[in-house]
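In what follows, a structure is listed as structure tokens, so that the remarks can point back to it.
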Amino acid sequence: MELAGLLKKVDYKQIQGASINGVCVSGIAYDSRKVQEGSLFVCISGAVSDGHAFAKDAVSKSAVVIVTEKPVDVPEYVIVLETKDSRVALAELSAAYFGYPANELSVIGITGTKGKTTATYMMRSVLEASGIKTGLIGTIETIISDGDIIPSQNTTPESYIIQETFRKMADAGCKCVVMEVSSQGLKLHRTDGFIFDYGIFTNLAPDHIGPAEHKDLAEYIYCKSLLFRQCKHGIFNIDDSHVSEILKGHTCDVETYGFSDSADLVASEVEFSGKGGMLGVKYHLSGLAEMDVEISIPGKFSVYNSMIAVAVCRRFGISSDIILKSLLNVHVKGRTELLDVSPKFTVMIDYAHNAMSLKSLLETLKEYNPKRLVCLFGCGGNRSRERRFEMGEVSSALADLTVITSDNPRNEDPVAITNDIETGVKKAGGQYITIINRPDAIRYVIENAMEGDVIVLAGKGHEDYQEIKGKKYHMDERELVADVVRDGNFIK
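For the sequence shown, my numbering gives the first residue as 1, with consecutive numbering after it.
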């Protein structure tokens with residue numbers, strides 16, 4: 001591809017090398033290990049390593065163009081282009097390289113602290129049911145089509161991967177893509193190079209604040225708000241206390257949803273429903289759309305997520321019948337995922353892996369008035385110890401029984417991790433038991449279930465492995481539960 005064409009939207013100045021006119025490049029790389037002959041190499045300043053240090057290595061592999069933010073030591077014949085921000089340049093170069101595929105799709109982006117994953121699956125379910133082929137990019141996986149699914153490494157991939165994925169989706173016949181947009185993705189310009197058709201804000205609470213992520217809450221909020229300077233239509237949760245901050249500087253038109261009467265889409269008459277071991281929620285929707293909605297996913301947060309799906313999908317002219325049927329049948333792996341074990345008690349898998357998400361989940365489940373609320377969880381090794389104390393205290397305060405077990409111990413001793421959790425549990429004084437081996441812990445809670453129990457297996461969610469000393473071992477909680485069900489040693 002001609003270099004001049006790739007650079008049309010890039011702000012740069014040439015530092016060295018011959019004229020770019022007539023120069024062609026074979027591809028774009030931002031990892032020197034992936035440079036091929038004729039590549040353009042973009043030097044990215046990362047948290048772990050600095051791509052500028054690998055410019056010479058890229059040239060040794062026959063890269064012909066280097067895009068950089070600062071001086072690099074490469075031969076004079078190599079074309080060096082300096083730009084203010086290499087990540088912005090990578091996004092613009094990638095969009096051009098793949099032929100601006102976002103222009104061939106309706107791109108729907110969703111940001112917020114909680115709800116992104118479930119809402120994307122809800123939207124995709126409705127769009128697909130209406131005949132609109134829709135791709136998905138998110139925390140769990142990237143779906144090009146039903147037969148082309150790629151496990152995710154990041155919630156929001158690098159800009160080159162996004163553009164490459166958009167191209168695959170467009171070529172596969174997709175007309176839409178729904179994607180989770182993380183604050184880090186926005187901060188690091190991964191979503192530069194195109195305009196979202198729809199941007200959605202779910203909610204906001206302090207999260208991802210630390211040396212390697214956001215320096216403080218103000219930066220976290222600001223980065224979330226950037227989506228609404230990069231979309232045509234914005235849809236906002238009016239009930240969230242941070243919505244006015246998210247709206248600052250927006251350039252999109254605004255639509256709102258929530259329980260507030262001032263919202264454009266208003267939820268009311270909420271009814272929590274549960275029978276045969278399954279939990280769900282019903283409510284009435286009024287305003288821009290009038291319908292009675294039922295969802296097979298529990299909790300008030302499911303009301304919010306489904307309202308997002310209605311807000312977006314009605315813009316595509318999808319009938320109420322299709323929307324309602326799709327919402328009733330949608331399920332998301334590892335997000336309040338209900339397993340069919342027994343009609344006498346409920347077993348659920350959820351990704352809740354910090355105190356905030358665990359608190360929200362347990363408070364939601366208490367609204368269903370279970371006989372007992374049983375919470376099984378562990379904490380990841382080589383992560384904040386504070387999280388262990390906090391999660392232990394939350395579970396102890398809200399659950400009737402806490403079962404402390406192992407999660408991904410990584411390079412730490414599982415016993416040391418469970419001891420830390422136990423410290424938090426004891427602070428709140430709730431009943432608990434420690435069973436370090438997770439399969440044994442899962443077997444224990446099912447075989448000792450009482451009628452009316454709600455049992456939560458928290459922390460692993462969609463993960464199908466356990467990481468121990470640098471190696472991932474297969475462990476899928478669905479399979480572990482199925483093993484217990486086959487043995488049949490529980491109330492039925």
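C-beta atoms are modelled at their ideal positions from N, C-alpha and C, and glycine is treated no differently.
Residues that residue i bridges to, as DSSP identifies them
| i | result |
| --- | --- |
| residue 284 | 268 and 292 |
| residue 376 | 403 and 457 |
| residue 467 | 472 |
| residue 66 | 41 and 80 |
| residue 256 | 236 |
| residue 434 | 404 |
| residue 1 | None, per the DSSP bridge assignment. |
| residue 29 | 41 |
| residue 279 | 274 |
| residue 180 | 110 |
| residue 388 | Per DSSP, none; premise fails for residue 388. |
| residue 410 | 468 |
| residue 13 | 82 |
| residue 50 | 45 |
Residue i and residue j closer than 8 Å at C-beta
| i | j | result |
| --- | --- | --- |
| residue 227 | residue 194 | no |
| residue 178 | residue 191 | no |
| residue 456 | residue 398 | no |
| residue 461 | residue 383 | no |
| residue 202 | residue 112 | yes |
| residue 176 | residue 108 | yes |
| residue 90 | residue 160 | yes |
| residue 242 | residue 186 | no |
| residue 402 | residue 396 | yes |
| residue 380 | residue 407 | yes |
| residue 318 | residue 119 | no |
| residue 499 | residue 9 | Since the first and last residues shown for the chain are 1 and 492, residue 499 lies out of range. |
| residue 458 | residue 358 | yes |
| residue 39 | residue 4 | no |
| residue 316 | residue 143 | no |
| residue 393 | residue 442 | no |
| residue 74 | residue 59 | yes |
| residue 313 | residue 136 | no |
| residue 224 | residue 246 | yes |
| residue 199 | residue 231 | yes |
Residue closest to residue i, alpha-carbon to alpha-carbon, out of the options
| i | options | result |
| --- | --- | --- |
| residue 260 | 46, 239, 271 and 278 | 239 |
| residue 311 | 291, 452 and 329 | 291 |
| residue 276 | 294, 362 and 452 | 452 |
| residue 105 | 143, 169, 421 and 60 | 169 |
| residue 411 | 77, 251 and 466 | 466 |
| residue 7 | 32, 94 and 17 | 94 |
| residue 79 | 223, 18 and 388 | 18 |
| residue 417 | 329, 387 and 428 | 387 |
| residue 47 | 188, 244 and 421 | 188 |
| residue 284 | 364, 295 and 270 | 270 |
| residue 116 | 140, 133, 415 and 97 | 140 |
| residue 68 | 29, 5 and 121 | 29 |
| residue 2 | 99, 35 and 53 | 99 |
| residue 347 | 220, 392, 373 and 486 | 373 |
| residue 31 | 55, 22 and 38 | 55 |
| residue 156 | 173, 172 and 138 | 138 |
| residue 447 | 150, 413, 198 and 483 | 483 |
| residue 343 | 419, 320, 426 and 454 | 454 |
| residue 413 | 385, 85 and 426 | 385 |
| residue 221 | 486, 58, 183 and 262 | 183 |
| residue 470 | 235, 71, 486 and 409 | 409 |
| residue 363 | 145, 331 and 298 | 298 |
| residue 332 | 124, 26, 437 and 85 | 124 |
Contact set for residue i: own chain, Cβ-Cβ below 6 Å, skip 5 residues either direction
| i | result |
| --- | --- |
| residue 439 | 480 |
| residue 264 | 255, 256, 287 and 288 |
| residue 322 | 129 and 130 |
| residue 14 | 81 |
| residue 278 | 338 |
| residue 268 | 284 |
| residue 258 | 237, 238 and 239 |
| residue 272 | 281, 367 and 368 |
| residue 145 | 172 |
Sequence-distant residues of its chain with Cβ nearer than 8 Å to residue i (five each side left out)
| i | result |
| --- | --- |
| residue 390 | 354, 355 and 424 |
| residue 148 | 168 and 172 |
| residue 450 | 345, 371, 372 and 491 |
Residue i Cβ short of 7 Å to the ligand SAH heavy atom set
| i | result |
| --- | --- |
| residue 406 | Among the components of this structure there are no ligands whatsoever, and the ligand SAH is therefore not found. |
7 Å Cβ shell around residue i - same chain, five flanking residues per side excluded
| i | result |
| --- | --- |
| residue 295 | 280, 281, 302, 306, 327 and 328 |
| residue 34 | none |
| residue 101 | 163, 166, 167 and 170 |
Cβ of residue i within 8 Å of any chain D Cβ
| i | result |
| --- | --- |
| residue 352 | Protein chains in the displayed structure number just one, and chain D is not present. |
| said: For a minimum of 4 consecutive residues, which ranges assigned as the alpha helix (DSSP H) are wholly contained in the segment 98-174? | reply: Annotation: the segment 98-174 contains the following complete segments of the alpha helix (DSSP H) (minimum length 4 residues), in chain order: 116-129 and 159-171.
| request: Can you check the segment 192-241 for any alpha helix (DSSP H) of at least 4 residues that lies completely inside it and give the ranges in chain order? | output: Counting only unbroken stretches of 4 or more residues, the alpha helix (DSSP H) elements lying wholly within the segment 192-241 are 217-225, in sequence order.
| field | Secondary structure, alpha helix (DSSP H): runs of 4+ residues fully inside the segment 294-328 | value | 300-313
| query | What are the complete alpha helix (DSSP H) segments, minimum 4 residues, inside the segment 332-377? | reply | 355-366
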